[in-house]
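Protein chains in written order, with this note's numbering: chain A, 391 to 687; chain B, 6 to 347.
We treat Cβ as the ideally placed atom computed from N, Cα and C, and that holds for glycine.
Okay, so here's the structure we're looking at.
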């Protein structure tokens, strides 16, 4: 008999510190069969159990194209993550999932992808980023915009810096202020990056237009653009405004919702927003969905 | 399906026989309460009270339910599934009221929708039969007649329904499960057309005692547009957020998952009833709470039962048992709350 609340045992393989209160946990299921069967989509989450403390929903940071190990980028924020930070490599945890809908890959395929991340919001988007890069032929142009407060707070710095030299993705990194004096990329809020790509309603809606110059990577294609954003509330506010100004239809903007969850499988009702459940209908919603939801904050 | 009749003395014998085979839960009187408890003989059953204080949902969906156990071993952790799901005993709920019986039908859908089925609930549900007794004397708090397929003598959700007709009960067999219980029993006699007519009389008599129906479809329409309404600013004020309404409700099913440690190396993960009226219900790690205000939480409970649930399942998440009205310490009446929505 299958008990949907029972996690599978997993081991912490490696802990890679990102910041004082953010760590990347590499995790592997103990049972080889479970390891092979575990297939997730970018944007989905797992319920992580620290046995003896409790369970928390955590989005998956690794791409399904690199299977075997599950990476979770976790900020120390509550009871369960506190306990998780006390664990060491080789310690056992429980994991069940994956749950949730994930990003709408079927719809994005063949189109442009714009990823806008702020702070810890990079965690779920990293899965989408590497998925799209590993399936590069499925997508037209890919742009990543990532902003943090300071250079030290930038997650996955090494791998993102390596993207700066690739020509199949436009990687734009920015910090609000550079207190180290060594930052070589952009300075300013993430919405400023929009000016660099010259993203506007006309260019991205026009079909088959000629190239307008090197900076504008969104023209010259009949594909439309999907935007995936994740970050702190204040960032959402400004990025959404910017995207609408650029002419993005609301149903092509994907954002993720955060709610308290207990079961992850649409039973316990903790994560309900109106008649929708964040765990099974989400956590990825279009801006159109979110606008029509009440009590989203 | 067939109808039978049974005399009051024979019913006593039948239940006593069933107690030998099944675990029989029935309303049992304590000092100040009447609650469902396992009975050892029919004499412990108290049929005088219209309703038990708490609903019968706890028999199938216990207030605290173990999901699994874990233990620390020399080289890591060990998870242990609960054997008790396989060991559930055949159970009968006797003396259930139609409103409580219908509640289980609503819960069935909730625990088995989407991709996941809740085995812990269904392990008990599948082995439980419900013998209901029609209500002859509905009270002013009752409003089961406001819902479809529901009412003081409704068969919905029961496996057997007993209705008092004179000195005997009419026994209506509703499901195969119910048929199995009384199969070959010597206490029953086939019902005549006259007996069925007598039930209709009982039905009419009970219907007369029911308070007026709520116009729920109209209320749903008002709720659809009432989210931002200033009505909620004042409607929630009397509410103490004590959650007794959730506790006694046959359809409130929200739950919390928590852990309980036994010593330093063992523990269990449990599921316990929770309530959307509690502040901690939506509070996230880091302290953000999308429903931090008591107005929002009050609105959520009403909206979920009478609007969101209807959007998802096309039925109301309420059976009209009226317990929330009866036990509210400040006398809030869900019927008045709903009628006032604008």
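Rounded separation between residue i and residue j - CA only
i                      : j                      : result
residue 465 of chain A : residue 412 of chain A : 4 Å
residue 303 of chain B : residue 339 of chain B : 11 Å
residue 61 of chain B  : residue 333 of chain B : 19 Å
residue 342 of chain B : residue 318 of chain B : 22 Å
residue 219 of chain B : residue 36 of chain B  : 35 Å
residue 4 of chain B   : residue 324 of chain B : The shown model of chain B, from 6 to 347, leaves out residue 4 of chain B, and the question about it has no answer.
residue 94 of chain B  : residue 453 of chain A : 46 Å
residue 150 of chain B : residue 491 of chain A : 39 Å
residue 545 of chain A : residue 509 of chain A : 8 Å
residue 607 of chain A : residue 281 of chain B : Because residue 607 of chain A carries a pLDDT of 46, less than 50, the predicted location of this residue cannot be relied on, and the following value inherits that uncertainty. Answer to the nearest angstrom: the Cα atoms are 48 Å apart.
residue 59 of chain B  : residue 277 of chain B : 16 Å
residue 595 of chain A : residue 291 of chain B : At residue 595 of chain A the pLDDT is 42, less than 50, meaning the model places this residue with poor confidence and gives no usable figure here.
residue 418 of chain A : residue 458 of chain A : 7 Å
residue 554 of chain A : residue 429 of chain A : 29 Å
residue 400 of chain A : residue 635 of chain A : 45 Å
residue 52 of chain B  : residue 22 of chain B  : 18 Å
residue 475 of chain A : residue 80 of chain B  : 20 Å
residue 577 of chain A : residue 540 of chain A : 9 Å
residue 592 of chain A : residue 580 of chain A : With a pLDDT of 46 at residue 592 of chain A, under the threshold of 50, the modelled position of that residue is not reliable, and the figure given next carries that caveat. Taking the straight line joining both Cα atoms gives about 21 Å.
residue 228 of chain B : residue 316 of chain B : 12 Å
residue 507 of chain A : residue 74 of chain B  : 39 Å
residue 484 of chain A : residue 501 of chain A : 37 Å
residue 663 of chain A : residue 308 of chain B : 11 Å
residue 235 of chain B : residue 330 of chain B : 23 Å
residue 542 of chain A : residue 467 of chain A : 19 Å
residue 13 of chain B  : residue 50 of chain B  : 13 Å
residue 232 of chain B : residue 513 of chain A : 34 Å
residue 335 of chain B : residue 38 of chain B  : 20 Å
residue 173 of chain B : residue 10 of chain B  : 7 Å
residue 684 of chain A : residue 294 of chain B : 14 Å
residue 402 of chain A : residue 414 of chain A : 10 Å
residue 598 of chain A : residue 681 of chain A : Confidence at residue 598 of chain A is low in this model, with a pLDDT of 39, below 50, so the placement of that residue should be treated as unreliable; the coordinate-derived value is given next. Cα-Cα distance, rounded: 31 Å.
Residue i versus the options, residue with shortest Cα-Cα distance
i                      : options                    : result
residue 144 of chain B : B:7, B:213, B:81           : B:213
residue 54 of chain B  : B:328, B:347, B:19         : B:328
residue 437 of chain A : A:450, A:429, A:431        : A:450
residue 320 of chain B : B:291, B:221, B:44         : B:221
residue 588 of chain A : A:548, A:577, A:562        : A:562
residue 336 of chain A : A:535, A:461, A:681, A:518 : Outside the displayed span of chain A (391 to 687) sits residue 336 of chain A, for which this structure offers no information.
residue 471 of chain A : A:548, A:445, A:456, A:489 : A:445
residue 639 of chain A : A:564, A:679, A:477        : A:679
residue 493 of chain A : A:443, A:469, A:538, A:434 : A:434
residue 440 of chain A : B:288, B:274, B:311        : B:274
residue 620 of chain A : A:535, A:658, A:416, A:656 : A:535
residue 479 of chain A : A:653, A:660, A:623, A:405 : A:405
residue 237 of chain B : B:347, B:172, B:9          : B:347
residue 560 of chain A : A:569, A:637, A:584, A:572 : A:584
Residue i - containing alpha helix (DSSP H), residue span
i                      : result
residue 5 of chain B   : Nothing in the structure corresponds to residue 5 of chain B, since chain B is present only between 6 and 347.
residue 305 of chain B : 299-308
residue 213 of chain B : 198-214
residue 104 of chain B : 103-115
Delimiting residues of the beta strand (DSSP E) encompassing residue i
i                      : result
residue 75 of chain B  : 69-78
residue 488 of chain A : 482-489
residue 477 of chain A : No beta strand (DSSP E) contains residue 477 of chain A, which DSSP labels as neither H nor E.
residue 438 of chain A : 435-440
residue 339 of chain B : Element bounds for residue 339 of chain B: not the beta strand (DSSP E) but the alpha helix (DSSP H), 339-344.
Distance cut-off 7 Å: residue i Cβ against heavy atoms of the ligand GTP
i                      : result
residue 326 of chain B : Looking for the ligand GTP in the displayed structure turns up nothing, as the structure carries no ligands at all.
Chain A contacts made by the region 251-278 of chain B, where a contact means CB separation under 8 Å: 258, 259, 260, 261, 262, 263, 264, 266, 272, 274, 276
Contact between the region 616-635 of chain A and the region 415-426 of chain A (3+ Cβ pairs under 8 Å): no
Cβ contact check for the region 111-123 of chain B and the region 179-192 of chain B: 3 or more pairs under 8 Å: no
Segment contact, 8 Å Cβ cut-off, at least three pairs: the region 128-140 of chain B with the region 159-177 of chain B: yes
Meets three-Cβ-pair contact criterion under 8 Å: the region 7-23 of chain B and the region 65-78 of chain B: no
Cβ contact (3+ pairs, closer than 8 Å) linking the region 664-677 of chain A and the region 641-650 of chain A: yes
Where the region 55-87 of chain B meets chain A: residues whose CB sits under 7 Å from a CB there: 72, 73, 75, 81, 82, 84, 86
Residues from the region 191-213 of chain B in contact with chain A, defined by Cβ distance under 8 Å: none
Contact set between the region 113-136 of chain B and chain A, restricted to residues whose Cβ is under 8 Å from the partner: 115, 116, 118, 119, 120, 121, 122, 123, 124, 125, 128
Selection of the region 295-317 of chain B by Cβ proximity to chain A, strictly under 9 Å: 295, 296, 301, 304, 305, 308, 309, 312, 313, 314, 315, 316, 317
Three or more C-beta pairs below 8 Å linking the region 100-114 of chain B and the region 293-311 of chain B: no
Contact the region 169-182 of chain B vs the region 192-202 of chain B: 3+ CB pairs below 8 Å: yes
Against chain B: residues of the region 655-671 of chain A by CB proximity under 9 Å: 655, 656, 657, 658, 659, 660, 661, 662, 663, 664, 665, 666, 667, 670
Selection of the region 543-562 of chain A by Cβ proximity to chain B, strictly under 8 Å: none
Short-range partners of chain B found in the region 409-442 of chain A, where Cβ spacing is below 7 Å: 441, 442
Chain B contacts made by the region 443-473 of chain A, where a contact means CB separation under 8 Å: 443, 444, 445, 446, 467, 468, 469, 470, 471
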